[in-house]
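The next block holds one structure in the form of C-alpha cells; read it before the comments.
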Ligand code: ASP
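In the numbering used here, the protein residues as written are 306 to 900.
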C-alpha cells in the first residue's frame, strides 16, 4: 500500500514517484490549493493538491477531514523557497499529488489530538485515539525499544526465555490474589500469579541455570500513579550465583535498556547503601539521592538535655533527629499544614512538626526558648542552620523518626522545586535488607521480601536464637531517583532451612504440606544455589519516557479504581457462561457438602 513511510523522503528523492498512506493530520486550504500533512507512525509528509495540475483530485481533496485514512500517489518536489519547515524531518520536500484514494473517512474526534487533555477518563475511553498522539506513540515505541534491548541483553548473557503459568496458586508476595473459578474443578479456584517466584526457582532445580521472562504479574492492591493491578516484570533467576553476580548482570541490563531508550550511557557500577543507612540518612528504603537534606542524628546535641520530651525519648532508647530544608524558611501556612498532615500520616503522634526557622536574623520556634545556649549552639552547627533555613525535628523510635522525616524530606523537595527539570539518573543499590519484620497488629513475623529469601550467612545464629529483628537477608533493591526499579535476593535452596523459615513465619507443618509441598520436595533432589531479581518494566518505561505515571506507558491501563473505561472491564457477572462458571464453582461445592 505504500512505497515509503511518512518520515522518509528527503531532497535526494526529488522527482521520484512515491505512494504514501496514513491519516490526514491536518488539511489547509490556501486559496483553493489544498495542503495536507499526511501522518503515519513514523512522522509527517506534506502533500499538495493543485487544481491546475489535477482538477479532479484537487476537487476530492477539498472533502478531506482530519483523521481520514488516505493513500496519496505523487511526485517528490522541493518546497517553494521560504515555505520549508525545519522542525519536520521531511520539511524541505512535498508530494505533488497525482492520485488520491480515500480509504476510510473519520467522524469528528471526541477530542483534538494536538492538545493535552486534562480529562483522563475521556482519554481512557478513547484510548485508541489517545495513542495516536505523538507523545503516546513515542512512549509506546520507547517501551518496545527497551523491552527488546532487555531481551537481547539477556539472550546474549545466556538466559532462556521461559513462560510460566498464569493460572496458578496463590503466591506469597505480600498482596491480595486475583481468583479465577475453575469450571472443571467445582469449588476450586486458580490464583493469578503475583510473581513467577516459585516456578522460576523450580526451573533452577530443573537445571535451566539462567531463566528470564517478560512476565505479567497480578496484585489486587490499592492503586497509585505507579501501580496497576496487572503489571510487567522483567523476571530473572540464575543458578550458581551470588549477590555480586546478580548486581553486575542487572547493571549491564539497565545500561542496555537506557542506552536503547534514551541513548544515554549509565555508569558501569551503581553506588551501594545498606538498608540501615538508607533509612537512617534518607528515611526511605528507596532514597532519592538527587538532593541532600540528610537526616541528622542529634543525640550528641541533646545528650545533657533537660527538655522532658527529648530526655525521656533518649533515655528510652529512642532518637532525636532533624532535617534542614535550606532556604525554605519562607514556607507558606498552607505548605506547613500539608507537611504536618504528611507527618501525621507517617506516624507523628502529635499534630504539628517541631521546627526552628531563622528569618531576618530571628529564630522563630516554640522550641528555641526551651533550648539551653549549648543546645542552641549544637543544633546550629550540627544542622548547619543559616539565615533562611527551616529545620524540622522528630523524636521517637528510630524507625518512626526515619519514616516521618523521610516523608517530610521528600515533600519539602517537591515544594521547594528541587527536582524540577532534573535530568539526572541517580541509580543506587540498597543491600542488606532485614529478613523479617514484626507485624505489630497480630504479633506475627512476616517476610520483608518473600519467604524464599536467604538469611545473611553471618546472621544464621541470630535466626536460630530467635533474635529475628536483627537477621539480615541477602536481598537487594535497585533504586532510581526515589523509585524502586526492582528487587531480588539469593534464595534458600535447602529443604530444612526453607521449612525453618516457614515455621518462623507461622506456617504450620500441615499448611507447608498443602501450600508448599512442591518446593520443599524439589529441594530434596539436589537444588542448586540460586538467586535472581525482578525489574518493574512499567516503572522503567515511565522513567525513560519522562512521565509521572505508569499509565502513560501502558497501552491499555486501568484507572485508579482498577477499571478499563474503554472495554468497560471488569464486567458484572451477567453473561450466561460466566454466571454458570461462577455458580458451578461456588455452589456445587456447597450442594455436595450438604449431600
Ligand atoms: N518475586 C520477586 C518480586 O516480585 C522478585 C524476586 O525475588 O526475584 O518482587
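Here a beta-carbon is modelled for each residue, glycine too, at the ideal position from N, C-alpha and C.
**Item:** residue 489 to residue 473 span [Cα, whole Å]
**Value:** 15 Å
**Asked** Just to confirm, are residue 661 and residue 619 a CB contact at a threshold of 8 Å?
**Response** no
**Item:** Residue of 746, 369, 800, 668 minimising C-alpha distance to residue 634
**Value:** 668
**Asked** Taking one C-beta from the segment 871-878 and one from the segment 585-601 each time, how about it: are there three or more such pairs within less than 8 Å?
**Response** no
**Item:** Contacting residues, own chain, Cβ-Cβ under 6 Å from residue 847 (five flanking each side not counted)
**Value:** 855, 858
**Item:** Neighbourhood of residue 548 by C-beta, 8 Å cutoff - its chain only, sequence neighbours within 5 removed
**Value:** 736, 779, 781, 795, 836
**Prompt:** Do you know how far the Cα of residue 694 is from the Cα of residue 595?
**Reply:** 19 Å
**Prompt:** Does the segment 750-766 come close enough to the segment 555-568 to have 3 or more Cβ pairs within less than 8 Å?
**Reply:** no
**Prompt:** Is residue 473 near the ligand ASP, going by C-beta to nearest heavy atom under 7 Å?
**Reply:** no
**Asked** Span of the alpha helix (DSSP H) holding residue 845?
**Response** 842-850
**Message:** Buried or exposed for residue 831, going by 16 or more other Cβ atoms inside 10 Å?
**Reply:** exposed
**Item:** Buried/exposed call for residue 522, threshold 16 Cβ in 10 Å
**Value:** buried
**Request:** Going by CA-CA distance only, name the one from 308, 372, 395 that's closest to residue 382.
**Result:** 395
**Prompt:** Looking only at its own chain, which residues have a Cβ that is under 6 Å from the Cβ of residue 712, when we skip the five neighbours before and after it?
**Reply:** 647, 651
**Message:** Is residue 544 close to the ligand ASP? I mean its beta-carbon at under 7 Å from any heavy atom of the ligand.
**Reply:** no
**Asked** Considering only the beta carbon of each residue, do residue 515 and residue 464 sit closer than 8 Å?
**Response** yes
**Residue interval of the beta strand (DSSP E) (run including residue 669)** = 667-669
**Message:** Tell me the residue span of the beta strand (DSSP E) that contains residue 401.
**Reply:** 398-409
**Asked** Given a threshold of 16 other Cβ atoms within 10 Å of its Cβ, counted over all protein chains shown, does residue 517 qualify as buried or as exposed?
**Response** buried
**Asked** So what does DSSP say about residue 860, is it helix, strand or coil?
**Response** coil
**Asked** Is residue 335 near the ligand ASP, with its Cβ less than 7 Å from a heavy atom?
**Response** no
**Item:** residue 779, DSSP secondary structure in three states
**Value:** coil
**Request:** Compute the minimum distance between the beta carbon of residue 793 and the heavy atoms of the ligand ASP, and state whether it is under 7 Å.
**Result:** yes
**Message:** Comparing C-alpha positions only, which one of 404, 536, 388, 407 sits nearest to residue 398?
**Reply:** 388
**Prompt:** At a cut-off of 7 Å, is residue 752 close to the ligand ASP when judged by its beta-carbon and the heavy atoms of the ligand?
**Reply:** no
**Prompt:** On the three-state DSSP scale, how would you describe residue 511?
**Reply:** coil
**Message:** Using CA atoms only, rank isn't needed, just tell me which of 529, 342, 350, 467 is closest to residue 863.
**Reply:** 529
**Request:** Grab the span of the beta strand (DSSP E) containing residue 348 for me, first residue to last.
**Result:** 348-354
**Asked** In its own chain, which residues sit with a C-beta less than 7 Å from the C-beta of residue 640, not counting the 5 before and 5 after it?
**Response** 720
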